[in-house]
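Protein chains in written order, with the working numbering: chain A, 2 to 427; chain B, 100 to 505.
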Amino acid sequence: MLPKPLVGVRVLDLTHGVAGPATTQLMGDLGAEVIKIEPTQGRMQPYSPWILVLPGKTAGVPHYNRSPYVNEMYRSKLDCAIDLRTESGRQVFLDLARVSDVVVENFSSRVMKKFGLEYAALRAVNPTIIMVSLPAFGRQGPWRDKLSWGPGINASSGFAWLTGYLGGPPMKAGNYYADFSGGLHAAFAAVLALRHRQKTGRGQLVEAPLREAEMALLGEAFIGISMEQEPMKRLGNRDPLMAPHGCYPCRGQDRWAAIAVRTEEEWTRLCHIMGRPGLLADPRFRQPTARWAHQDELDKYITDWTSAREQYQVMRQLQDASIPCGAVLDCAQLVQDPHVRARQAYLTLRDPDLGDVIARRQASRFSRSPMGPERPGPRYAEHNTWVFGELLGLGQKQQAQWEEEGVTSRVPLQSYEHSQIEERSR
Amino acid sequence: MSPLQRENLPGESMVLRDVTVLELGEGVGLGYCGRLLAGYGADVIKVERPGAGDGARYVGPFPKGVPHSESSGLFLYLNTNKKSITLDVEKADGQHLLERIVPHIEIILDGLPPGKRASLGLSYEQLKVLKPSLIMTSVAPFGQTGPYKDFQATEIVIWALSGYHHLTGDPDREPLKGWGNQAHYQAGVQAALATVSALFLRDVTGEGQWIDVSVAESLAVHNGSSLQSTLYGGAVAKRRGNKGGDNYPNTILPASDGHVQLHFGAGGLRQVAELMGEPRLADPKWDDHPISHADELDQLMLPWLQRRTKFQAVAEAQAAHIPFVEVLSPAEVMQDEQNQARSYFLASDHPYAGRVTYPGSPVRLPACPWENARAPLLGEHNREVYVDRLGLSPRELAILSAEGIV
Numbered sequence: 002m003l004p005k006p007l008v009g010v011r012v013l014d015l016t017h018g019v020a021g022p023a024t025t026q027l028m029g030d031l032g033a034e035v036i037k038i039e040p041t042q043g044r045m046q047p048y049s050p051w052i053l054v055l056p057g058k059t060a061g062v063p064h065y066n067r068s069p070y071v072n073e074m075y076r077s078k079l080d081c082a083i084d085l086r087t088e089s090g091r092q093v094f095l096d097l098a099r100v101s102d103v104v105v106e107n108f109s110s111r112v113m114k115k116f117g118l119e120y121a122a123l124r125a126v127n128p129t130i131i132m133v134s135l136p137a138f139g140r141q142g143p144w145r146d147k148l149s150w151g152p153g154i155n156a157s158s159g160f161a162w163l164t165g166y167l168g169g170p171p172m173k174a175g176n177y178y179a180d181f182s183g184g185l186h187a188a189f190a191a192v193l194a195l196r197h198r199q200k201t202g203r204g205q206l207v208e209a210p211l212r213e214a215e216m217a218l219l220g221e222a223f224i225g226i227s228m229e230q231e232p233m234k235r236l237g238n239r240d241p242l243m244a245p246h247g248c249y250p251c252r253g254q255d256r257w258a259a260i261a262v263r264t265e266e267e268w269t270r271l272c273h274i275m276g277r278p279g280l281l282a283d284p285r286f287r288q289p290t291a292r293w294a295h296q297d298e299l300d301k302y303i304t305d306w307t308s309a310r311e312q313y314q315v316m317r318q319l320q321d322a323s324i325p326c327g328a329v330l331d332c333a334q335l336v337q338d339p340h341v342r343a344r345q346a347y348l349t350l351r352d353p354d355l356g357d358v359i360a361r362r363q364a365s366r367f368s369r370s371p372m373g374p375e376r377p378g379p380r381y382a383e384h385n386t387w388v389f390g391e392l393l394g395l396g397q398k399q400q401a402q403w404e405e406e407g408v409t410s411r412v413p414l415q416s417y418e419h420s421q422i423e424e425r426s427r
Numbered sequence: 100m101s102p103l104q105r106e107n108l109p110g111e112s113m114v115l116r117d118v119t120v121l122e123l124g125e126g127v128g129l130g131y132c133g134r135l136l137a138g139y140g141a142d143v144i145k146v147e148r149p150g151a152g153d154g155a156r157y158v159g160p161f162p163k164g165v166p167h168s169e170s171s172g173l174f175l176y177l178n179t180n181k182k183s184i185t186l187d188v189e190k191a192d193g194q195h196l197l198e199r200i201v202p203h204i205e206i207i208l209d210g211l212p213p214g215k216r217a218s219l220g221l222s223y224e225q226l227k228v229l230k231p232s233l234i235m236t237s238v239a240p241f242g243q244t245g246p247y248k249d250f251q252a253t254e255i256v257i258w259a260l261s262g263y264h265h266l267t268g269d270p271d272r273e274p275l276k277g278w279g280n281q282a283h284y285q286a287g288v289q290a291a292l293a294t295v296s297a298l299f300l301r302d303v304t305g306e307g308q309w310i311d312v313s314v315a316e317s318l319a320v321h322n323g324s325s326l327q328s329t330l331y332g333g334a335v336a337k338r339r340g341n342k343g344g345d346n347y348p349n350t351i352l353p354a355s356d357g358h359v360q361l362h363f364g365a366g367g368l369r370q371v372a373e374l375m376g377e378p379r380l381a382d383p384k385w386d387d388h389p390i391s392h393a394d395e396l397d398q399l400m401l402p403w404l405q406r407r408t409k410f411q412a413v414a415e416a417q418a419a420h421i422p423f424v425e426v427l428s429p430a431e432v433m434q435d436e437q438n439q440a441r442s443y444f445l446a447s448d449h450p451y452a453g454r455v456t457y458p459g460s461p462v463r464l465p466a467c468p469w470e471n472a473r474a475p476l477l478g479e480h481n482r483e484v485y486v487d488r489l490g491l492s493p494r495e496l497a498i499l500s501a502e503g504i505v
């Protein structure tokens with residue numbers, strides 16, 4: 002057994018939303034000690050009044066400690082509350098920075114400066130500190146102050162323009178594509194910077210602009226434009242080269258199977274499986290370019306066959322014949338899928354207030370470093386005493402005084418109207 | 100036999116310059132991981148099949164649409180800064196040659212199908228005998244274990260089994276796959292993060308390990324809170340087209356010349372009502388759950404948009420601190436002032452493809468330069484690697500070539 006890769010690394014987490022917490026979630030799962038610093042007003046997540054909360058096992062657990070989203074994103078982290086708008090709060094943060102390795106933030110452009118906590122201030126107390134920033138478009142440039150959430154990044158990267166149904170408008174993928182992607186990139190940059198520091202003794206301010214991360218994943222579209230071969234936009238579930246290739250209806254409501262045929266051999270096997278050997282002789286379908294040109298008709302034959310069958314049945318039959326096919330799973334089916342269960346991709350953690358909660362494992366598994374997550378998300382300000390007392394060596398009196406002054410807090414000093422929180426039963 | 104190492108150039112960042120990587124196998128994810136490591140200084144040697152080479156050489160795009168195995172845009176993009184050697188690892192002699200290379204390699208990036216790698220005797224445990232501190236990162240569609248590990252998979256099949264396909268597209272029609280190779284690219288970045296993390300640990304412990312990256316699990320990350328709302332909320336999360344979240348607006352609507360992604364600002368609908376001079380948008384009747392009134396709200400917002408180009412609409416909204424953003428085409432993206440100012444797009448000259456332009460690094464590390472050499476020709480570095488560094492004689496190399504081993 003080896004320790005987790007980032008054991009011994011301390012991260013100060015000033016993130017909010019999705020992208021930043023995704024970065025620190027990855028680093029925490031990789032073994033870093035992540036200290037989440039929350040505002041004294043309350044958890045920045047959730048800030049949507051309609052966020053889901055779960056019933057507590059006992060009465061009286063406040064709603065901000067019953068959010069499954071917080072549980073998922075904040076697992077493996079410690080949690081404390083500091084008001085960075087106060088001079089004392091600012092000093093506490095600088096004291097923490099002195100004994101930390103990395104600071105991660107994804108505020109909009111001027112916030113860290115407003116707090117007096119830009120890189121220069123951090124470096125003054127800790128010359129080798131690594132700061133990781135996740136701006137939307139970049140810390141520099143004419144769009145430095147341009148505001149965007151995740152879907153706006155999909156729009157500005159080219160991804161939304163390229164994605165969509167045949168003949169339809171630009172579409173986004175899922176809900177938070179830019180955020181999780183940007184967060185992942187920032188974690189990569191952070192670890193590179195850590196290794197660089199290990200070798201050279203130097204820290205730096207690194208940035209992972211969400212749009213720059215996303216554009217990089219569209220590389221072949223851009224290189225195509227420079228080659229005067231425009232990318233094919235909005236092909237729906239079709240492919241520039243392969244046919245048949247699509248998403249086909251199966252038996253049941255909103256049940257589909259994705260099928261992709263790469264070679265003549267796969268096409269031949271598919272025709273036999275569908276009981277349509279005649280299609281092999283059909284001039285409309287005899288080679289890849291012909292099949293591509295006649296996809297509308299081709300898809301009808303396939304739809305005819307799939308719609309009489311269950312999606313898993315379609316998948317098994319085609320995979321048994323080595324033809325690429327996948328049942329299109331919804332989130333409920335996903336956690337029940339035999340492969341997902343065999344991989345133990347979703348763990349059950351025991352939360353003291355919520356009971357059993359599901360936590361997604363990360364997509365990379367290390368053979369000798371045990372990868373969690375092991376702990377559910379922390380309660381709000383759960384680790385105030387440890388952070389201020391143990392880590393910074395401050396006495397009880399000082400902590401109590403700060404609570405009185407509002408520099409720190411054990412409970413949010415502001416709260417959402419409880420009626421707005423959508424309570425759910427299991 | 101001289102070791103396969105590069106001298107550290109004085110004054111250069113050392114972040115990955117001391118690392119030699121062997122990229123074995125195919126796939127966009129594996130290739131992208133190698134691109135990221137090579138960009139930050141690693142010596143990445145890509146192993147390609149003799150004759151045909153990597154499959155990405157045949158995908159395109161191609162200069163003016165004319166296919167050629169040395170000018171495929173996908174290959175050129177994924178393989179910047181890498182070296183190419185040819186080697187048939189399915190032949191016994193090819194495996195023997197591989198065994199001579201591995202002792203000089205710090206990291207193997209492996210994209211072989213799990214079943215195939217096992218049958219070739221190239222497991223991590225077997226390769227570790229040749230290099231005890233070896234780090235091996237394997238990228239496979241469904242990971243190294245489980246009932247689907249040997250499934251045939253393309254990008255859309257992975258979308259389907261990740262849960263993300265079901266969450267994308269309009270609610271009243273088939274799910275929609277996002278453009279390109281997103282699942283594989285996500286896996287590439289996951290693999291790069293995991294690889295440098297393992298390296299960071301090995302710097303202290305001297306010990307390597309094997310990393311198992313699943314492309315499907317890399318995409319499943321993006322299911323995000325839809326998973327929680329399904330598991331705990333009593334109803335399976337549904338795709339909602341361009342609409343997102345409970346607050347509104349959060350959608351894509353047409354302007355006079357294109358589309359705009361509209362998102363609520365800090366003041367929500369009230370702010371948007373003021374921006375558009377449309378007081379009905381501020382009616383409290385929307386407050387209880389704006390997204391459920393999305394169609395009506397869209398109708399109220401469209402007239403303002405239709406009277407403006409996408410650039411005008413966004414400029415006005417951003418001036419009011421409301422996060423509207425233009426939907427840009429890739430051609431527009433390549434020309435925009437932000438990318439120009441930040442020199443995001445880089446170019447290189449290629450003997451077959453000519454001058455090509457593509458994204459630079461997806462992250463910025465001021466103390467660690469990003470390298471931008473062109474992708475290699477097929478087997479371009481056979482001589483450098485086999486003869487100059489591994490110590491084969493030119494005649495041995497010629498014979499291996501003739502036999503199709505190299």
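Just so you know, even glycine gets a beta-carbon here, dropped at the ideal spot from N, CA and C.
Please read these numbers as outputs of a predicted model, since none were measured by experiment.
Legend entry - Interface flag, Gly-202/A vs chain B, CB-CB below 7 Å: Chain B contact via Cβ: absent.
Inset, instruction - Tell me whether Asp-387/B is buried or exposed, calling it buried when 16 or more other Cβ atoms sit within 10 Å of its Cβ. - result: Per the 10 Å Cβ criterion, exposed.
Inset, instruction - Within its chain, find whatever has a CB closer than 8 Å to the CB of Leu-123/A; leave out the 5 residues flanking it on each side and keep chain order. - result: The residues Leu-95, Ala-98, Val-104, Ile-130 and Met-132, in chain order, have a CB closer than 8 Å to that of Leu-123/A in the same chain once the five nearest residues on each side in sequence are set aside.
Inset, instruction - Measure from the alpha carbon of Trp-258/B to the alpha carbon of each residue in Ser-328/B, Phe-250/B and Gly-277/B, then state which is nearest. - result: Nearest of Ser-328/B, Phe-250/B and Gly-277/B to Trp-258/B, Cα basis: Gly-277/B.
Legend entry - Amino acids of chain B, ordered along the chain, whose beta-carbon sits closer than 7 Å to that of Leu-325/A: Reading the sequence as shown, one finds Pro at residue 325/A and not Leu. Chain B residues near Pro-325/A: Gln-251, Ala-252, Thr-253 and Val-256.
Inset, instruction - Counting only the same chain and skipping the five closest in sequence on each side, list residues whose C-beta sits under 8 Å from that of Thr-408/B. - result: Answer for Thr-408/B: Ala-354, Ser-355, Asp-356 and Gly-357, listed in chain order.
Legend entry - Whole-Å CB distance - Pro-429/B paired with Ala-222/A, under 8 Å assumed: Indeed they touch by this definition, with Cβ atoms about 5 Å apart.
Inset, instruction - Taking the CB atoms as reference points, tell me whether Ala-282/B and Glu-316/B lie closer together than 7 Å. - result: No, the pair does not count as a contact, with Cβ atoms beyond the cut-off.
Inset, instruction - Give the DSSP-derived three-state secondary structure of Asp-1/A in the structure shown. - result: Nothing about residue 1/A can be read from this structure; chain A reaches only from 2 to 427.
Inset, instruction - Classify Asp-311/B as helix, strand or coil using the three-state DSSP reduction. - result: If DSSP states are grouped into helix, strand and coil, Asp-311/B belongs with the strands.
Inset, instruction - Please confirm if the segment 113–120 of chain B is in contact with the segment 197–217 of chain B, defined as three or more CB-CB distances below 8 Å between the two stretches. - result: These segments touch.
Inset, instruction - Just the chain A side, please: which residues come within less than 7 Å of Cys-467/B by C-beta, in chain order? - result: The answer, in chain order, is Leu-193 and His-197.
Inset, instruction - Anything in chain A within Cβ reach of Ser-232/B, meaning under 7 Å, just list it in chain order. - result: When 7 Å is used as the limit between beta carbons, Ser-232/B is near no residue of chain A, the shortest such separation being about 12 Å.
Inset, instruction - Kindly indicate the opening and closing residues of the beta strand (DSSP E) around Ser-460/B. - result: No beta strand (DSSP E) contains Ser-460/B, which DSSP labels as neither H nor E.
Inset, instruction - Keeping to the same chain, check which residues put their C-beta closer than 8 Å to that of Leu-433/B; ignore five residues upstream and five downstream. - result: Residue identity check: residue 433/B is Met in the sequence provided, not Leu. Excluding positions up to five away in sequence, the list reads Phe-444 and Thr-456.
Legend entry - Per-residue DSSP class, three states only, for Pro-250/A: Pro-250/A falls in the strand class under three-state DSSP.
Legend entry - Nonlocal neighbours in the same chain, by C-beta distance under 8 Å from His-197/A, ignoring five residues either side: By the criterion of a C-beta distance shorter than 8 Å, His-197/A is surrounded in its chain by Arg-203 and Gln-205, once the five residues flanking it on both sides are discounted.
Legend entry - Cβ-based contacts, 8 Å cut-off: residues of the segment 111–131 of chain A near chain B: So the list is empty, because no residue satisfies the distance condition.
Inset, instruction - Enumerate in chain order the residues of its own chain whose CB-to-CB distance from Gly-340/B is below 6 Å, with the five nearest sequence positions on each side excluded. - result: Within the same chain, and ignoring the five residues on either side of Gly-340/B in sequence, the residues whose Cβ sits closer than 6 Å to its Cβ are Asp-269.
Inset, instruction - Measure the CB-CB distance between Trp-385/B and Leu-374/B and report whether it falls below 7 Å. - result: No, these two residues do not count as a Cβ contact at 7 Å.
Legend entry - Limits of the alpha helix (DSSP H) - the one that Gly-151/A falls within: Annotation: the continuous alpha helix (DSSP H) that includes Gly-151/A extends over 151–158.
Legend entry - Beta-carbon spacing of Pro-468/B, Met-228/A below 7 Å: In this structure, Met-228/A does not lie closer than 7 Å to Pro-468/B by Cβ.
Inset, instruction - With 7 Å as the limit, tell me which residues of the segment 418–436 of chain B have their beta carbon closer than that to any beta carbon of chain A; keep them in chain order. - result: Taking 7 Å as the cut-off between beta carbons, the residues of the segment 418–436 of chain B near chain A are His-420, Pro-422, Val-424, Glu-425, Val-426, Leu-427, Ser-428, Pro-429, Ala-430, Val-432, Met-433 and Glu-436, in sequence order.
Legend entry - Reduced DSSP category for Pro-353/B - H, G, I as helix; E, B as strand; rest coil: Here Pro-353/B sits in strand by DSSP.
Inset, instruction - If I'm right that Arg-277/A touches Gln-312/A with Cβ under 8 Å, what's the distance once you round it to whole angstroms? - result: About 20 Å separates the two Cβ atoms, so there is no contact after all.
Inset, instruction - Examine chain A for any beta-carbon lying closer than 7 Å to the beta-carbon of Ile-310/B, and answer yes or no. - result: Yes, Ile-310/B lies at the interface with chain A (some Cβ there is under 7 Å from its Cβ).
Inset, instruction - Can you say whether Asn-107/B is buried or exposed, counting buried as having 16 or more other CB atoms within 10 angstroms of its CB? - result: Caution is warranted here: a pLDDT of 42 is assigned to Asn-107/B, below 50, making its placement in the model unreliable, and no coordinate value can be reported.
Legend entry - Glu-405/A, enclosing alpha helix (DSSP H) - first and last residue: For Glu-405/A, the enclosing alpha helix (DSSP H) stretches over residues 397–406.
Inset, instruction - Could you check which residue in Ala-414/B, Gly-376/B, Phe-410/B and Asp-394/B has the C-alpha nearest to that of Trp-403/B? - result: When each option's Cα is compared against that of Trp-403/B, the closest is Gly-376/B.
Inset, instruction - Tell me whether the beta-carbon of Ala-364/A lies closer than 7 Å to the beta-carbon of Val-312/B. - result: Yes, the Cβ-Cβ distance between Ala-364/A and Val-312/B is below 7 Å.
Legend entry - Test: Asn-341/B CB closer than 7 Å to a CB of chain A: For Asn-341/B, the nearest beta carbon of chain A is closer than 7 Å to its own beta carbon.
Legend entry - Within 8 Å of chain A by C-beta, residues of the segment 341–368 of chain B in sequence order: Result list: Asn-341, Gly-343, Gly-344, Asp-345, Asn-346, Asn-349, Ile-351, Pro-353, His-358, Val-359, Gln-360, His-362 and Gly-364.
Legend entry - Whole-number beta carbon distance between Leu-318/B and Ile-359/A, since they are thought to touch under 8 Å: Not confirmed; about 18 Å, so no contact.
Legend entry - C-alpha distance - Pro-458/B paired with Gly-220/A, whole-angstrom precision: Their Cα atoms are separated by approximately 6 Å.
Legend entry - Exposure label - Met-235/B; buried when at least 16 CB within 10 Å: Met-235/B is buried by the Cβ-count criterion.
Inset, instruction - Output yes if chain D places a C-beta closer than 7 Å to the C-beta of Gly-378/A; else output no. - result: Structure shown: chain D not included; protein chains present are A and B.
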